[in-house]
Amino acid sequence: ATITVLNGPNLNLLGLREPSHYGNKTLADIQASLTEQADGLGHRLPFYQSNAEHELIGLIHQAYRDGVDFIIINPAAFTHTSVALRDALLATQIPFIEVHLSNVYAREPFRKHSYFSDIAKGVICGLGATGYALALQAAHQLLAERQ
Ligand code: DQA
């Protein structure tokens, strides 16, 4: 299957960005280990990062046109602001898992609200890069059950 991974704003700065919240791994490190995991499970794993809301919306529309089976998304700050990204996921009906590196419940109150969690298959937060690996494992299982 094809599982697209979408990363929102400032995640290109992983590694140097607030390591106490986000860890020391770069986004390239995460992509490399996730791609290896996807290869082992027999999935294609297009992987993107954008700082622009309209680009992420475009990538969701593109995923729909390409028949992508599942999305793993860390919407980053757009988690707490973007009705438009939520609507793109609702419009395309591509099942998705929401991932956050940090425990958003242990931080500022504004991070407790997500525009995605109630429409996600599941949400993983606070486990760092491991959260992406767990999301891929779960996506693999959900897709296998769907067959
Ligand atoms: C984040 C949490 C968000 O609140 C924050 O704006 C991010 C990253 C995370 O992965 O922990 O940019 O999504």
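Each step along the sequence shown adds one to the number in the UniProt record's numbering, with nothing skipped, and position 26 is 27.
Every residue gets a Cβ at the ideal spot worked out from N, C-alpha and C, and that includes glycine.
Fair warning: this is a prediction, and the values are worked out from it, not measured in the lab.
Look at the alpha carbon of residue i and the alpha carbon of residue j, and state the distance between them as a whole number of angstroms.
i: Glu56; j: Gly123; result: 24 angstroms
i: Ala134; j: Ala29; result: 14 angstroms
i: Ser115; j: Asp88; result: 13 angstroms
Is there at least one non-hydrogen atom of the ligand DQA closer than 7 angstroms to the beta-carbon of residue i?
i: Val124; result: no
i: Leu102; result: yes
i: His114; result: no
Check whether the Cβ of residue i lies closer than 7 angstroms to any heavy atom of the ligand MN, and answer yes or no.
i: Asn13; result: With respect to small molecules bound, the structure shown includes the ligand DQA and not the ligand MN.
Just checking my contact of residue i with residue j at CB under 8 angstroms: how many whole Å lie between their CB atoms?
i: Pro10; j: Phe79; result: 7 angstroms
i: residue 1; j: Ile74; result: The requested residue 1 is not part of the displayed model; the chain covers only 2 to 148.
In the structure shown, what three-state DSSP assignment does residue i receive?
i: Arg45; result: strand
i: Thr93; result: helix
Can you find a C-beta in chain C that's less than 8 angstroms from the C-beta of residue i?
i: Asp88; result: Absent here is chain C; the protein component of the structure consists of one chain.
Does the count of Cβ pairs from the segment 6-22 and the segment 44-51 closer than 8 angstroms reach three?
yes
Give a yes or no on contact between the segment 11-30 and the segment 90-107, applying the rule of three or more CB pairs nearer than 8 angstroms.
yes
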